[in-house]
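In this note's numbering, the protein residues as written are 3 to 347.
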């Protein structure tokens, strides 16, 4: 088995004809593909226990049964979407029929021109990428919030977990609207939906202007949203959100409420209550500030810091500044009072 690290798609070549295997490996590596080779059914299965390639190039005449091996690929949830191109020296219709029946997506009959070989490989890699993108979009649509169409909880959790696993220096910002319930009760659910759409657009605008290529926005539900931004841009993003939200929110109020500077409503006991014009409270947690390993740990700290942000009047971003490790090298996300050390910006 040989492996050479390069930058392109990962291709597994399974062939017990060493000369053919070498030609395929050298040809593909010269085009920038990352190629792994296997000389037998058993070796191919061992390799696939450790990796999921973007494409498999499989010799039809492989000893041990190429067709049965391909069927096992298609029965494996990890591998069933990986395209398998067969390489055959036979043009017999029965051979081609067997190849497609066992799950092969194409057959390259040798000898063939180099340009045809490379074109078939590229075509099926492109199709595989397209199918994966369609699947991703389908899953995102299922998870999306029905009002804002932003990614929902599952996608949010995946985005944050991937950032943790990759060691990316990102900040999670958890946002919440102040006095939203009072507004919803006074103006009605339709007006409340308008506020949520305005807030979604506010957050998207801030991301587009500051970090359009390296950010994520999701809608947890209600008036809770989550952003994932580069740590170096977090405070700039927060300041832009405050600016945009505070400039736009008053447009959703009646003149008399704006003149008073608040909503006036009665509680269940009939007492008059005053609710200030809505603001946006944000809690920020830098992923590299603590030894986070799981999304739920981040979520717990975000909830703490957002709670601290809501205790400050007006729109604000409240950053978690703790990051102190306990003696065994780990840290409990719930170990400190969020009001003791986070600082507003």
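For glycine and all other residues, C-beta sits at the position ideal for the given N, C-alpha and C.
Three or more Cβ pairs drawn from the stretch 219-236 and the stretch 188-203 lie within less than 8 Å of each other, which places the two stretches in contact.
Per DSSP, residue 154 is not a residue of any beta strand (DSSP E), being assigned neither H nor E. Inter-residue distance for residue 231 and residue 30 is about 37 Å (C-alpha atoms, whole angstroms). Comparing alpha-carbon positions, the option among 212, 53 and 211 lying closest to residue 80 turns out to be 53. Residue 35 sits buried, since 16 or more C-beta atoms from the chains shown fall within 10 Å of its C-beta. Distance from the CA atom of residue 276 to the CA atom of residue 182, rounded to whole angstroms, is 13 Å. Annotation: the stretch 210-277 contains the following complete segments of the beta strand (DSSP E) (minimum length 3 residues), in chain order: 218-223, 226-232 and 264-268. Look at residue 84 here: in three-state DSSP terms it is coil, with no helix or strand label.
Between residue 278 and the set 286, 267, 285 and 308, the nearest pair of CA atoms involves 267. Here the stretch 53-70 makes contact with the stretch 35-44; the two share three or more CB pairs at distances below 8 Å. Between residue 126 and the set 65, 83, 144 and 93, the nearest pair of CA atoms involves 83. The stretch 149-167 makes contact with the stretch 292-302; the number of CB pairs closer than 8 Å reaches 3 or more. Beta-bridge pairing by DSSP links residue 176 to 228 and 285.
In this structure, 320 is the residue among 264, 320, 112 and 214 with its C-alpha nearest to the C-alpha of residue 177.
Between the C-alpha atoms of residue 91 and residue 27 there is a straight-line separation of about 18 Å. For the pair residue 246 and residue 175, the Cα-to-Cα distance works out to about 16 Å.
According to the DSSP assignment, residue 11 belongs to no alpha helix (DSSP H), since it is labelled neither H nor E. Counting the other CB atoms within 10 Å of its CB gives residue 23 a total of 16 or more, which places it among the buried residues.
Here DSSP, grouped into helix, strand and coil, assigns residue 207 to helix. Taken in chain order, the unbroken stretches of alpha helix (DSSP H) that lie wholly in the stretch 13-85 and span 4 residues or more are 20-32, 43-50 and 68-77.
For the pair residue 290 and residue 240, the Cα-to-Cα distance works out to about 19 Å. Distance from the CA of residue 87 to the CA of residue 106, rounded to the nearest whole angstrom, comes to 6 Å. Counting along the chain, the unbroken beta strand (DSSP E) around residue 109 starts and ends at 108-111.
Relative to the Cα of residue 315, the nearest Cα in the group 261, 194, 179 and 187 belongs to 179.
Residues of the same chain with a CB within less than 7 Å of the CB of residue 185, apart from the 5 flanking positions on each side, are 194, 197, 265 and 280 in chain order. Sequence-distant partners of residue 165 (beyond 5 residues in either direction) whose C-beta falls short of 7 Å from its own C-beta, in its chain, are 172, 230 and 289. Per DSSP, the unbroken alpha helix (DSSP H) holding residue 297 starts and ends at 297-312.
Using a 10 angstroms sphere on the CB of residue 260, the tally of other CB atoms stays under 16, which defines it as exposed. Check the Cα spacing between residue 74 and each of 20, 103 and 312: the tightest is with 103. Closest by C-alpha distance to residue 188, out of 129, 255, 152 and 97, is 255. With a cutoff of 8 Å on beta-carbon distance, residue 43 and residue 64 are scored as near each other. The three-state secondary structure of residue 318, taken from DSSP, is strand.
Straight through space, the alpha carbons of residue 109 and residue 46 are spaced by roughly 19 Å.
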